[in-house]
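Student:
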Amino acid sequence: MDAESLRCLLSGDYGLVEDALDKFNKQNAQVFNFTHFTSTGQWVLIWDKLFAYLADPEMPHRVGCLMAIKVLSRDKTYLNESVTADHLNALLRLAGIGPLAVPCDATEEVQVEALKCLSNMIFQSSKCQEMCLGNASTEGIIRRVKMYKEVAYGYDIKYFDMKLLFLLTAINCDIRAMVRDQLHGLVYLVETLDLFMSQAATFKEFSDKDLDLINEVLKVLFNLTVRSADNLVPEEDEASQFHRLVTVLHDLFFYRTLNRDRIVSLHSNIVNLLTSVPVSCYVELVTPLQQQQQQQHLQAKQDDAQEKQQEVDEEGSNTIHTVPFEGRNVYVLQVLVDFLRRNFQRAEKKSDQYEMLSPVLTVLIKAIRADAIHRRYVRSVILPPLRDVHDRPEVGKELRNYLCSLLTSPCTQIADLSAELLFVLCKENVGRMIKYTGYGNAAGLFANRGLLGGRSTKGSEQYSSDSEDSDTEEYKQLQHAINPVIGCYEPPKPNPLEGMSEEQKEYEAMELVKLMDKLQRQGLIQPCKIGEDGRPQAVDHIMELQEEIPEQQRDYKRKT
73 MDAESLRCLL SGDYGLVEDA LDKFNKQNAQ VFNFTHFTST GQWVLIWDKL
123 FAYLADPEMP HRVGCLMAIK VLSRDKTYLN ESVTADHLNA LLRLAGIGPL
173 AVPCDATEEV QVEALKCLSN MIFQSSKCQE MCLGNASTEG IIRRVKMYKE
223 VAYGYDIKYF DMKLLFLLTA INCDIRAMVR DQLHGLVYLV ETLDLFMSQA
273 ATFKEFSDKD LDLINEVLKV LFNLTVRSAD NLVPEEDEAS QFHRLVTVLH
323 DLFFYRTLNR DRIVSLHSNI VNLLTSVPVS CYVELVTPLQ QQQQQQHLQA
373 KQDDAQEKQQ EVDEEGSNTI HTVPFEGRNV YVLQVLVDFL RRNFQRAEKK
423 SDQYEMLSPV LTVLIKAIRA DAIHRRYVRS VILPPLRDVH DRPEVGKELR
473 NYLCSLLTSP CTQIADLSAE LLFVLCKENV GRMIKYTGYG NAAGLFANRG
523 LLGGRSTKGS EQYSSDSEDS DTEEYKQLQH AINPVIGCYE PPKPNPLEGM
573 SEEQKEYEAM ELVKLMDKLQ RQGLIQPCKI GEDGRPQAVD HIMELQEEIP
623 EQQRDYKRKT
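Using the numbering used here, count along the sequence shown one by one with no gaps and you end on 632.
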């Protein structure tokens, strides 16, 4: 900043100050590196003077001052040592979220700029974060949130209220607990979602601004509900709140927007929030099918509307929200499955897989564990009766193929989640899991769970005994030739030992032994046996493997 502009800005003559502020804000609107200001000492001088101006009730250029503070707060070099409690309190008062006893006469533009300043400062300064635990910031925001029904606050105020509350609850776990437990933030934010939905209920369509607000509320709710070592919420104490939350989230899925990208972001935030919801509350995602919905669906089917619905779904503005299944409307489950399919297609890079797939896989696992109808529907979509068994399970463009390909992913979290989803869909039955995935793909799951011996899990007892796995004619015709290790049909192969003399066979066998011994000595392989717990156990000598052969033969005869 040149000397003359700095002199005008610090002069105290509000006529000169106005021009200097306008020039400063225009020149630095897109600047994020303030080395020139910090190295020359100008940053501290301007910072202190701006807050001195704000303290003057006669100051006519509050918006310009706040915009300059917002710009300066992008640099954290001197922020911790320069900011004071008085500075924060002044901004809280101007933002309309100060102490209840302090009236706010600021215009909406001033309030919005003050909220932006607070967001920057809290994001950049650990000192500001600590001070917010003891000041009126969180109470002020929640107090205003409670008044959304009665007072017609502008979009910008509500949007930056949520932005600031998100920062506060994301950065400081103590603030998170206070908002949730003492200020009942979970209740008021769910009511806020309900309010926004009711305002768009006529056409069930959100504008871009509506979606922005709702997405910010969902992010704050995620912060309040997420489980961590320092944020444990007893599920029984808040069961009714969680049930109410899931009911509202269920209704959110039925709203649409003409902008497909925006609806994808909404679904993404809903899915993220559902990951922190107890399994018992997932029953709210599916509702009984009403007679009117059944009639609408039948009419749509007669008009061949299912095809059109899929086309419109791809554009993000579908109007038919009925997917009947066993007397229930499982539309939300269908949306979740479609969301998984879309993210499979979008996660081209391995590095993107965890972020894009982990939340929706977690939600689907919880959903199918919550209710047998949920599981049967998702199973009918992901694991329909096998017909084409010529290709490996991990090859293809169906959801089963995508999930099977993830079973051997180097990202262990994704591999575990995919295995969990498929295993629960198979009612935790080892044989059924092998049928749909192949033993090779599922070996990691079996090893981790102690199922290598083919034993059943304790969890499998909770599932009904009725069969949901009727084999197709195509499968039955080729079943005898399906290789269970690779999970697909394998054409007959010539015997490699055919035509060899006994001496040649013995020679090849010894060569194989030598190669295996070499690999073991190099530490590349480790022979093992299946232990009593069903998990692999390393062996030190070949004799240990020989001892297992009679028992394995008995097990095989018993199973066949």
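Quick reminder that beta carbons are idealized off the backbone N, C-alpha and C, glycines included. Quick caveat: nothing in here was measured; it's all calculated off a predicted structure.
#1: Quick one, which of Arg451, Pro431, Asn473 has its alpha-carbon nearest Val461's?
#2: Look up Ile554 in the DSSP assignment and say whether it is helix, strand or coil.
#3: Rounded to the nearest angstrom, how far is the Cβ of Arg252 from that of Leu296, given a contact under 8 angstroms?
#4: Alpha carbon to alpha carbon, what distance is there between Glu492 and Leu523?
#5: Going by DSSP in three states, Phe268 sits in which element: helix, strand or coil?
#6: Three Cβ pairs or more, each shorter than 8 angstroms: is that satisfied between the stretch 197-210 and the stretch 161-178?
#7: Do the CB positions of Ser337 and Leu283 come within less than 9 angstroms of each other?
#8: Within the continuous alpha helix (DSSP H) that includes Pro431, where are the two ends?
#9: Quick test of the definition: if touching needs 3 or more C-beta pairs under 8 angstroms, does the stretch 547-562 touch the stretch 590-606?
#10: Could you pull the start and end residues of the beta strand (DSSP E) that Lys276 belongs to?
#11: Once the 5 residues before and after Ala519 are set aside, which same chain residues still bring their CB inside 7 angstroms of it?
#12: Where do the ends of the beta strand (DSSP E) carrying Lys507 lie?
#13: Would you check if the stretch 440-451 and the stretch 500-508 touch, i.e. whether three or more CB-CB distances between them fall below 8 angstroms?
#14: Does the count of Cβ pairs from the stretch 314-329 and the stretch 344-362 closer than 8 angstroms reach three?
#15: So, Ile214 versus Gly257, is the Cβ gap smaller than 9 angstroms?
#16: Assign Gln598 to one of three DSSP states: helix, strand, or coil.
#17: Do Met428 and Arg413 have their C-beta atoms closer together than 9 angstroms?
#18: Look up Ala610 in the DSSP assignment and say whether it is helix, strand or coil.
#19: Do Tyr231 and Ala272 count as a contact pair if the criterion is CB distance below 9 angstroms?
#20: Quick check on DSSP: helix, strand or coil for Tyr561?
#21: Using the beta-carbon count (16 or more within 10 Å), is Met588 buried or exposed?
#22: Going by C-alpha distance, which of Met73, Glu466, Thr112 is nearest Asp94?
#23: Helix, strand or coil for Arg400 per DSSP?
#24: Can you name the start and end residues of the alpha helix (DSSP H) that His256 belongs to?
#25: Apply the 10 Å Cβ neighbour rule to Leu81 and answer buried if 16 or more other Cβ atoms are within range, or exposed otherwise.
#26: Relative to the C-alpha of Lys507, which residue among Ser83, Cys476, Gly468 is closest?
#27: What's the gap between the Cα of Arg134 and the Cα of Tyr150?
#28: Kindly indicate which three-state DSSP category Thr544 falls into: helix, strand or coil?
#29: Considering Cα atoms alone, identify which of Pro129, Val217, Gln183, Lys142 is closest to Lys98.
#30: Run the CB neighbour count on Phe278, radius 10 Å, all protein chains shown included, and call it buried at 16 or more, exposed below.
#31: Here's the rule: buried if 16 or more other CB atoms are within 10 angstroms of the residue's CB, otherwise exposed. What is Asp612?
#32: Grouping DSSP H, G and I as helix and E and B as strand, with all else coil, what is Arg146?
#33: Please report the straight-line C-alpha distance between Asp424 and Thr347, rounded to a whole angstrom.
#34: Rounded to whole angstroms, what's the CA-CA distance from Phe96 to Asn152? Just pull it up for me.
#35: Taking only the alpha-carbon atoms, compute the straight-line gap between Tyr86 and Ala186 and give it to the nearest angstrom.
#36: Is Thr359 helix, strand or coil when you go by DSSP?
Tutor: According to the structure data:
#1: Closest option to Val461, Cα to Cα, is Asn473.
#2: Ile554: strand per DSSP, three-state reduction.
#3: Arg252 to Leu296, Cβ: 5 angstroms. Contact.
#4: Taking the Cα positions, Leu523 is about 14 angstroms away from Glu492.
#5: Three-state result, Phe268: helix.
#6: With the rule of 3 Cβ pairs closer than 8 angstroms, the stretch 197-210 counts as touching the stretch 161-178.
#7: Going by C-beta atoms, Ser337 is nearer than 9 angstroms to Leu283.
#8: 422-442 is the extent of the alpha helix (DSSP H) around Pro431.
#9: Contact between the stretch 547-562 and the stretch 590-606 is absent, with fewer than three C-beta pairs closer than 8 angstroms.
#10: No beta strand (DSSP E) contains Lys276, which DSSP labels as neither H nor E.
#11: Excluding residues within five positions, the ones whose Cβ falls inside 7 angstroms are Arg607, Pro608.
#12: Counting along the chain, Lys507 falls outside any beta strand (DSSP E), though it belongs to the alpha helix (DSSP H) covering 502-509.
#13: With fewer than three CB-CB distances shorter than 8 angstroms, the stretch 500-508 does not count as touching the stretch 440-451.
#14: Contact holds: three or more Cβ-Cβ distances are below 8 angstroms.
#15: Yes, Cβ-Cβ distance for Ile214 and Gly257 is below 9 angstroms.
#16: Coil, per DSSP.
#17: The Cβ-Cβ distance between Met428 and Arg413 does not fall below 9 angstroms.
#18: Note: Ala610 maps to strand in three-state DSSP.
#19: Taking the C-beta atoms as reference points, Tyr231 is found no nearer than 9 angstroms to Ala272.
#20: Reduced to three states, the DSSP call for Tyr561 is strand.
#21: Result: exposed.
#22: Of Met73, Glu466, Thr112, the residue nearest in Cα terms is Met73.
#23: Strand, per DSSP.
#24: Segment: none, His256 is in no alpha helix (DSSP H) and carries neither H nor E.
#25: In summary, Leu81 is buried, with 16 or more beta-carbon neighbours lying within 10 Å of its beta-carbon over all protein chains present.
#26: Its Cα nearest to that of Lys507, the residue Cys476 stands out among Ser83, Cys476, Gly468.
#27: Rounded to whole angstroms, Arg134 to Tyr150 spans 23 angstroms at the Cα level.
#28: DSSP places Thr544 in coil when its eight states are reduced to three.
#29: Closest by alpha carbon: Lys142.
#30: The residue is buried, with at least 16 neighbouring Cβ atoms inside 10 Å.
#31: Its Cβ having fewer than 16 others within 10 Å, Asp612 is exposed.
#32: Coil at Arg146, not helix or strand.
#33: Cα-Cα distance, rounded: 18 angstroms.
#34: So the two alpha carbons sit approximately 23 angstroms from each other.
#35: Each residue's alpha carbon lies about 20 angstroms from the other.
#36: In the structure shown, Thr359 adopts extended strand secondary structure according to DSSP, grouped into three states.
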